[in-house]
Amino acid sequence: MVLSKAASESDVSIHSTFASRYVRTSLPRFKMPENSIPKEAAFQIINDELMLDGNPRLNLASFVTTWMEPECDKLMMASINKNYVDMDEYPVTTEFQNRCVNIIAHLFNAPLEESEAAVGVGTVGSSEAIMLAGLAFKRKWQNKRKAAGLPYDKPNIVTGANVQVCWEKFARYFEVELKEVKLREGYYVMDPVQAAEMVDENTICVAAILGSTLNGEFEDVKLLNDLLVEKNKQTGWDTPIHVDAASGGFIAPFLYPELEWDFRLPLVKSINVSGHKYGLVYAGIGWVIWRNKDDLPDELIFHINYLGADQPTFTLNFSKGSSQVIAQYYQLIRLGYEGYRNVMENCHENAMCLKEGLEKTGRFSIVSKDEGVPLVAFSLKDNSQHNEFEVSEFLRRFGWIVPAYTMPADAQHVTVLRVVIREDFSRTLAERLVSDITKVLHELDTLPARISAKLQAAAKASGKENNIETGNFDGIVVKKTTMKETQSEIVDYRKKFVAEKKNKNAIC
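Heads up, the sequence shown stops at 686 in our numbering, and the numbers go up one at a time, no gaps.
So, in structure tokens, the structure goes:
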């Protein structure tokens with residue numbers, strides 16, 4: 179005799195997830211639900227919403243790695259439950275980090291003796307690495323000023339206006355004045371001559387960028403070093419250099435080995451690099467390397483013993499995963515110098531392919547340089563009818579995420595689009611992107627002109643291209659302003675419009 183029973187409300191595993199009550203009603207989004215739900219339903223609900231995210235490999239705004247080999251994925255998953263800070267419990271993972279630090283230090287030509295260990299640490303990314311390097315510079319400067327009986331309450335740091343936002347965070351969080359070298363149209367990196375002129379006795383360091391976020395260009399670290407060497411001789415100061423090689427640190431050694439930007443220059447005291455960018459590891463790993471032990475003050479290093487043995491630590495956070503450290507070691511030994519060079523050469527060639535395709539359209543001016551991070555930054559030659567923000571928005575319909583942004587001061591009137599070429603961006607994708615951009619341009623050409631185009635047309639008609647009088651165009655009142663100011667106002671309006679549109683489309 180076969181016994182059977184009616185399925186209870188809790189016996190949901192026999193039902194299809196999509197037929198269950200758990201997908202018929204919405205879950206509370208900002209409060210914890212009162213009751214549990216089956217694991218299958220929880221998975222499906224979350225997975226369904228995640229389908230609305232963009233495709234990471236088509237996210238051409240990001241420098242961060244979006245693909246790794248399956249073997250490395252397995253290693254990462256196997257170590258996902260290891261807390262990196264438990265060094266006594268996971269000594270092999272700690273040894274892997276030390277090996278990575280030494281490999282990277284040698285890659286950056288650190289002046290190490292045969293058996294000397296490098297000084298450095300793994301971080302959550304270059305932001306934390308920059309914070310740690312900045313703190314070391316600030317403390318060294320303060321100690322020197324205290325010993326000389328001089329004021330030490332107004333430290334400053336000199337950078338270009340093109341620095342990543344983490345430098346602004348460091349300056350604000352740790353009360354350091356940020357002295358920025360302004361940009362100018364056609365020159366979108368820090369001018370070493372101007373930077374050296376801005377240095378004073380309170381400057382804790384000058385930060386040079388090896389691979390600008392804006393256009394991928396390498397700053398001239400050697401010229402900066404030479405200028406500061408001369409200025410230090412004249413003033414008796416000892417102003418050092420930090421190189422933010424977040425993007426370019428894993429590119430220059432393989433594509434431009436003769437370029438002097440690293441510890442070969444005597445004033446370069448520390449370098450940060452993002453393992454999760456061209457170090458070819460998923461998001462969550464960065465590195466900071468110091469020239470030698472004297473450049474990292476001992477008082478910044480903490481020693482703990484409540485996890486087992488005595489453990490030195492110099493980080494802003496405490497617990498973090500081990501997976502990214504293990505993945506970085508995998509890439510370093512798996513690829514070796516030859517493998518990294520091949521990957522970077524391939525990225526560079528694909529960038530040149532994309533650049534040539536964009537130039538053939540006849541519609542764009544290339545803002546990026548051939549030497550630097552493999553990316554292509556470009557602007558419309560004529561944005562009087564439609565601008566770069568519209569191109570960016572229309573490309574999303576094809577799945578591409580291509581950012582449009584304005585340059586920092588004093589080049590904020592320049593708007594660019596940027597495509598970052600990563601390891602997983604193939605020649606085929608480059609050709610397809612050019613094709614889709616061409617389609618977008620043709621579609622935009624059929625649409626009515628933006629407000630700014632009407633303003634410009636009115637200005638030309640009145641013979642006052644540089645001075646638009648107050649008037650009313652299609653019901654729009656325009657204040658007297660220059661064409662540059664008008665363009666800037668249009669860009670600001672467009673950014674506000676896009677932000678409001680995103681907020682309206684957000685899930686509540």
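All residues carry an ideal CB built from backbone N, CA and C; glycine is no exception.
Hey, how far is the Cα of residue 454 from the Cα of residue 304? Taking C-alpha positions only, residue 454 is separated from residue 304 by approximately 9 angstroms.
Residues bridged to residue 594 [DSSP beta-bridge criterion]: Looking at the DSSP assignment, residue 594 forms a beta bridge with 583.
Name the two residues that bound the continuous beta strand (DSSP E) containing residue 358. In the DSSP assignment, residue 358 falls within the unbroken beta strand (DSSP E) covering 355 to 359.
Near residue 588, which residues of its chain fall below 7 angstroms by C-beta distance, leaving aside the five closest residues on each side in sequence? The residues are 360, 361, 362.
Output needed for residue 197: all residues of its chain with C-beta closer than 6 angstroms, excluding positions within five of it in sequence on either side, in chain order. Answer for residue 197: no residue qualifies.
DSSP state of residue 448, grouped into three classes? Residue 448: strand per DSSP, three-state reduction.
Taking the beta carbon of residue 600 as the centre, do at least 16 other beta carbons fall within 10 Å, making it buried, or is it exposed? Around the CB of residue 600, 16 or more other CB atoms lie within 10 Å, so the residue is classed as buried.
If we count the other Cβ atoms within 10 Å of its Cβ and call it buried at 16 or more, is residue 500 buried or exposed? By the C-beta density criterion, residue 500 is buried, having at least 16 other C-beta atoms within 10 angstroms.
For residue 459, report the span of its beta strand (DSSP E) as first-last. Careful: residue 459 lies outside any beta strand (DSSP E) and carries neither H nor E.
Report the option in 278, 543, 348 whose CA atom is closest to the CA atom of residue 364. Residue 364 has its Cα closest to that of 543, out of 278, 543, 348.
Looking at the secondary structure, which residues open and close the alpha helix (DSSP H) in which residue 305 lies? The continuous alpha helix (DSSP H) containing residue 305 extends over residues 304 to 325.
In its own chain, which residues sit with a C-beta less than 6 angstroms from the C-beta of residue 390, not counting the 5 before and 5 after it? Closer than 6 angstroms at Cβ, skipping near neighbours: 340, 367.
Look at the alpha carbon of residue 258 and the alpha carbon of residue 396, and state the distance between them as a whole number of angstroms. The C-alpha of residue 396 is placed about 35 angstroms away from the C-alpha of residue 258.
Touching by the beta-carbon criterion (3+ pairs, under 8 angstroms), the region 572 to 584 and the region 210 to 229: Between the region 572 to 584 and the region 210 to 229, the count of Cβ pairs shorter than 8 angstroms is below three; the stretches do not touch.
So which of 594, 310, 468, 434 has the shortest CA-CA distance to residue 344? In this structure, 310 is the residue among 594, 310, 468, 434 with its C-alpha nearest to the C-alpha of residue 344.
Three-state secondary structure assigned by DSSP to residue 350: Correct three-state label for residue 350: helix.
For residue 334, tell me which candidate among 602, 342, 538, 349 has the shortest Cα-Cα distance. Minimum Cα distance to residue 334 is reached at 349.
Within the same chain, show all residues whose beta-carbon is closer than 8 angstroms to that of residue 463, passing over the 5 residues directly before and after it, in chain order. Cβ neighbours of residue 463 beyond the five flanking positions: 300, 301, 302, 303, 452, 453, 454, 457, 502, 503, 505, 506.
Give, in chain order, every unbroken run of the alpha helix (DSSP H) that is at least 4 residues long and sits entirely within the region 246 to 270. Those alpha helix (DSSP H) runs which fall completely within the region 246 to 270 and span 4+ residues are 248 to 256.
Once the 5 residues before and after residue 535 are set aside, which same chain residues still bring their CB inside 6 angstroms of it? Within the same chain, residue 535 has close Cβ partners 612.
For residue 514, report the span of its beta strand (DSSP E) as first-last. Residue 514 -> not in any beta strand (DSSP E); alpha helix (DSSP H) instead, spanning 501 to 538.
Would you call the region 398 to 406 and the region 368 to 379 in contact, with 3 or more CB pairs under 8 angstroms? Cβ pair count under 8 angstroms is three or more, so yes.
Leaving aside the five residues before and after residue 444 along the sequence, list all residues of the same chain whose C-beta is less than 8 angstroms from its C-beta, in chain order. Once the five neighbours on either side are set aside, the close Cβ partners of residue 444 are 403, 407.
Pair every Cβ in the region 371 to 387 with every Cβ in the region 413 to 422, then say whether three or more of these pairs are closer than 8 angstroms. Remark: three or more beta-carbon pairs, one from each stretch, lie closer than 8 angstroms, so the region 371 to 387 and the region 413 to 422 are flagged as touching.
Residue 431, buried or exposed, once every other Cβ within 10 Å from all chains shown has been counted against 16: The residue in question, residue 431, is buried, as its Cβ has 16 or more Cβ neighbours within 10 Å.
Report buried or exposed for residue 243, applying the criterion of at least 16 other Cβ atoms within 10 angstroms of its Cβ. Residue 243 is buried by the Cβ-count criterion.
If you compare alpha carbons, which of 522, 313, 320 is closest to residue 351? In terms of CA proximity to residue 351, 313 leads the group 522, 313, 320.
Distance between residue 574 and residue 528 (C-alpha atoms, nearest Å): The straight-line gap from Cα to Cα measures roughly 21 angstroms.
Can you tell which of 615, 513, 428 has the C-alpha that lies nearest to the C-alpha of residue 538? Measuring from the Cα of residue 538, the nearest candidate turns out to be 615.
Would residue 357 and residue 336 be called neighbours here (beta carbons separated by less than 7 angstroms)? By the CB criterion at 7 angstroms, residue 357 and residue 336 fall inside the cutoff.
By DSSP's criteria, residue 383 is part of a beta bridge. Which residues make up the other side? BP columns for residue 383 point to 335.
Hey, out of 210, 200, 231, whose CA is closest to residue 687's CA? With the chain running from 179 to 686 in the structure shown, residue 687 is simply not present.
Report the three-state DSSP secondary structure of residue 615 (helix, strand or coil). Three-state result, residue 615: helix.
When you compare the CB positions of residue 556 and residue 595, do they come within less than 7 angstroms of one another, or not? Pairing residue 556 with residue 595 gives a Cβ-Cβ distance under 7 angstroms.
Helix or strand or just coil, what does DSSP make of residue 556? For residue 556, the secondary structure class from DSSP, reduced to helix, strand or coil, is strand.
Does DSSP put residue 490 in a helix, in a strand, or in coil? Per DSSP, reduced to three states, the secondary structure at residue 490 is strand.
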